[in-house]
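If you read the sequence shown in the working numbering, its first letter stands for residue 52, the second for the next number, and so on.
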Amino acid sequence: MNAKRWIAVAVTATLIIVSVGINAMSWVFTRDWNSFVNEINLMETQVQETVVEDGSVNERIAVLTVDGVIQDVGEATIFSGAEYNHKQFLTQLNELSNDETVKGIVLSVNSPGGGVLESSDIYDAITEIQESKEIPVYVAMGGMAASGGYYISAPADKIYVHPETLTGSIGVIMQSVNYGKLAEKYGVEFPTIKSGPYKDMMSPTRDMKPEERAMLQEMIDDSYKRFVDIIVEGRGMSEAAVRKVADGRVMNGRQAIEAGLADDYGKLPAVISAMKEDYHLEKAEVFEYGMPTNLKAILSMKAHDVFNGDVESQIMKKLLTENTAPRMMYLYGE
């Protein structure tokens, strides 16, 4: 980044700080902060409904959206932008489970997957709703619904794809970086004090031992088996048929249908119409959930708008917001 661009970023940041400071100064010193914190926490647990199609308020179809990496990154920061919010999505699912007017769910998925635990959270919540409410769940896959994106789709009654949808990538991955030799070349040392021989397993500063690799592989195999099992149950396929395509390969919509991983072609509006026809919900209201409009979300979006678009600031964002510790992922394109 040259000097002019650094100056521009500094000026922009200064203007934001000054603008917020001037407008909020009197408010800051007169605010009941306990009340303010309670208001923010309350908004964080609330969901907003937007009616997509008018209809009966006694029988409704809910549209839920998973867009982005399925990962619990905690609270939004001024650098994170508007990304997938795991806590908020689980709140939406919980809201549906207690809403007697909801007679069907359409899940719109556009995701390369994400964390093993987070994907399991969504899967568990969806299957609980299916069992307790006995309502249909349809999935409309977008440009990508791979790995964890497919994991959360598997229990659906029907899965719809676009011919160009990228899906599949069934499997588990865990990666690290080993820069030990590079550090050695430049005389960098990493003194390590540990309580046991495996405490620094997958350390980026040394080679992995065979016994360590075996331990991690066992963990990966367990998570992989759970992935296969949920597809066997959700799609009514044999384990052999699932394992035939569960080798990490990515596939398009046509291939997914031929492999038994999807049912038909259809974009979101067509999927909603199909649910209405299949379950005699022609008069149902269709609504979707939105993110809460609170201070944290506003600050996040504003800062994201300022920093989005140039490579240097995106690298800074990754360094400031991402945890690089190795973890198991249902993720395509790690």
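Glycine is no exception: its CB is placed at the ideal position from the N, C-alpha and C atoms.
- Here residue 312 carries a coil assignment [DSSP, helix/strand/coil].
- Around residue 215, the same chain offers 194, 303, 304 as residues with beta carbons nearer than 8 Å, after the five sequence neighbours per side are excluded.
- Only residues of its own chain outside the window of five on either side were considered, and among them 148 have a CB closer than 8 Å to the CB of residue 183, listed in chain order.
- Contact between the stretch 204-214 and the stretch 311-323 is present: 3 or more CB-CB pairs across the two stretches fall below 8 Å.
- Scanning its chain for C-beta atoms nearer than 7 Å, with the 5 sequence neighbours on each side dropped, one finds around residue 197 the residues 163, 164, 217, 218, 219, 220, 301, 383, in chain order.
- For residue 115, there is no enclosing alpha helix (DSSP H); the enclosing beta strand (DSSP E) has its first and last residue at 107-118.
- In the three-state DSSP reduction, residue 161 falls in the strand class (E or B).
- Closest in alpha carbon position to residue 141, among 98, 153, 234, is 98.
- Contact check between the stretch 287-301 and the stretch 171-181: fewer than three CB pairs, one atom from each, fall below 8 Å, which does not count as touching.
- Residue 201 carries a helical assignment under DSSP once its states are collapsed to helix, strand and coil.
- Residue pairing for residue 224: DSSP places it in a beta bridge opposite 380.
- The DSSP-derived three-state label of residue 238 is coil.
- Secondary structure of residue 99 (DSSP, three-state): strand.
- Secondary structure at residue 335: strand, using DSSP grouped into helix, strand and coil.
- Scanning its chain for C-beta atoms nearer than 6 Å, with the 5 sequence neighbours on each side dropped, one finds around residue 100 the residues 338, in chain order.
- If you draw a 10 Å sphere on the C-beta of residue 159, you find 16 or more other C-beta atoms in it, and that means buried.
- Using a Cβ distance threshold of 8 Å, residue 326 and residue 106 do not count as a contacting pair.
- Here residue 102 has 336, 337, 338 as same chain residues with Cβ atoms under 8 Å from its own Cβ, once five neighbours each way along the sequence are excluded.
- Distance from residue 199 to residue 121 at the Cβ level is roughly 5 Å; contact confirmed, criterion being Cβ atoms closer than 8 Å.
- For residue 297, the three-state secondary structure derived from DSSP is coil.
- With at least 16 other beta carbons inside 10 angstroms of its own, residue 278 counts as buried.
- Counting only the Cα atoms, residue 255 lies some 7 Å from residue 231.
- Between the alpha carbons of residue 235 and residue 250 lies a gap of roughly 21 Å.
- Remark: C-beta atoms of residue 110 and residue 332 approach each other more closely than 8 Å.
- Residue 281 is not a Cβ neighbour of residue 380, given a cutoff of 8 Å.
- The bridge partners DSSP lists for residue 195 are 217.
- Residue range 261-286 is occupied by the alpha helix (DSSP H) that includes residue 276, with no beta strand (DSSP E) assigned at that position.
- Taking the Cβ atoms as the reference, residue 137 lies roughly 28 Å from residue 104, outside the contact range of under 8 Å.
- DSSP places residue 302 within a strand segment (E or B) once states are collapsed to three.
- Taking C-beta separations shorter than 7 Å and ignoring five residues to either side along the sequence, the partners of residue 271 in its chain run 223, 225, 379, following chain order.
- Pairing residue 276 with residue 295, the inter-Cα distance amounts to about 13 Å.
- Secondary structure note for residue 211: its beta strand (DSSP E) is the uninterrupted segment 209-212.
- For residue 139, the closest of 244, 124, 188, 150 by C-alpha to C-alpha distance is 124.
- Here residue 227 is near residue 253, since their CB atoms are less than 8 Å apart.
- Straight across, the Cα-Cα distance linking residue 161 with residue 240 is about 43 Å.
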